[in-house]
Amino acid sequence: MDAKLILEQIAQLLFLPVLGLLVALVVWALVALGMFARSAWGRWRGQRPALLRYAGRIDAAASSPHADADLRIEQVLAQAEHAGLRSLNAVRFAVRAGPSLGLMGTLIPMAAALNGLARGDLPALADQMVVAFSATIVGIAIGVVAHVMAMVREGWQRADLDALRLHAERALRALESGGPVAGGKA
Numbered sequence: 001m002d003a004k005l006i007l008e009q010i011a012q013l014l015f016l017p018v019l020g021l022l023v024a025l026v027v028w029a030l031v032a033l034g035m036f037a038r039s040a041w042g043r044w045r046g047q048r049p050a051l052l053r054y055a056g057r058i059d060a061a062a063s064s065p066h067a068d069a070d071l072r073i074e075q076v077l078a079q080a081e082h083a084g085l086r087s088l089n090a091v092r093f094a095v096r097a098g099p100s101l102g103l104m105g106t107l108i109p110m111a112a113a114l115n116g117l118a119r120g121d122l123p124a125l126a127d128q129m130v131v132a133f134s135a136t137i138v139g140i141a142i143g144v145v146a147h148v149m150a151m152v153r154e155g156w157q158r159a160d161l162d163a164l165r166l167h168a169e170r171a172l173r174a175l176e177s178g179g180p181v182a183g184g185k186a
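Positions 1 to 186 (full-length UniProt numbering) are the ones given, in order, by the sequence shown.
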């Protein structure tokens, strides 16, 4: 076997997994879009449960009798930041994987389409080109949807972390002044 034939066989073996992964990413994107819409609706209505949960942890850390309350508050802030970054990882992956898989799904059938063109088999050419361009469109659409979700979520995360840092600073000042740690909204 020559190298050209081996590469062609590898590319053909990758075709169905690439299409399967594209379909899986479409399903994931639809679910993620629904969750994103639910989060956006909740935020529009003023509901930010993660922010309240971490603000409660900051209050608990500031109210604890331990001398290292400031370190515990920093730990809560670090946990909040880590959780936010972890939630963005899947979206960031889809931003890159969608177009990459779309490109693979385009180029693999192009070889068969060009082969059909060389043989004069126009129906085979047309069939392969439809699959190729459909994969491109789907991959780019996944990337665009994921990119928009990532941008908006990053903004939400920055706003939530800013609010938590302000809440932590207030809790530390109350702790230093010997007053009660104010609970409630961050």
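We put the beta carbon where it would ideally sit given N, CA and C, even for glycine.
Small disclaimer: the values here were computed from a predicted structure and weren't measured.
Secondary structure at Ala90, three-state DSSP: helix, strand or coil?
-> helix
Determine the closest residue to Glu81 out of Ala150, Trp41 and Asp162, with distance taken between C-alpha atoms.
-> Asp162
Run through DSSP, which three-state label would Ala67 get?
-> coil
Residues near Ser64 by beta carbon distance below 7 Å, same chain, minus five either side | Excluding positions up to five away in sequence, the list reads Arg72.
Considering Arg153, what are the terminal residues of the alpha helix (DSSP H) in which it resides?
-> Leu122 to Ser177
Is His66 buried or exposed, if buried means 16 or more other CB atoms sit within 10 Å of its CB?
-> exposed
Shortest alpha-carbon distance to Met149 belongs to which of Ala171, Val31 and Ala132?
-> Val31
Compute the minimum distance between the beta carbon of Ala90 and the heavy atoms of the ligand SAH, and state whether it is under 6 Å.
-> For the ligand SAH, the structure offers nothing, since it holds no ligand at all.
Sub-7 Å separation of Val18 and Gly120 beta-carbons = no
Tell me whether the beta-carbon of Leu101 lies closer than 7 Å to the beta-carbon of Leu22.
-> The Cβ atoms of Leu101 and Leu22 sit closer than 7 Å to each other.
Between the beta-carbon of Gly98 and the beta-carbon of Ile137, is there less than 7 Å?
-> no
Do the CB positions of Asp70 and Leu172 come within less than 7 Å of each other?
-> Yes. Within cutoff.
Local conformation of Gly46 per DSSP, three classes | coil
For Asp59, the three-state DSSP class (helix, strand or coil) = helix
Please work out which residues of its chain come closer than 6 Å, Cβ to Cβ, to Met129, disregarding the five sequence neighbours upstream and downstream, and give them in chain order.
-> Ala113
Are Arg48 and Val76 touching if we call contact CB-CB under 7 Å?
-> no
How many angstroms separate the CA atom of Leu175 from the CA atom of Leu51?
-> Between Leu175 and Leu51, the C-alpha separation is close to 21 Å.
For Ala132 and Leu107, the rounded distance between their alpha carbons = In a straight line, the C-alpha of Leu107 is about 7 Å away from that of Ala132.
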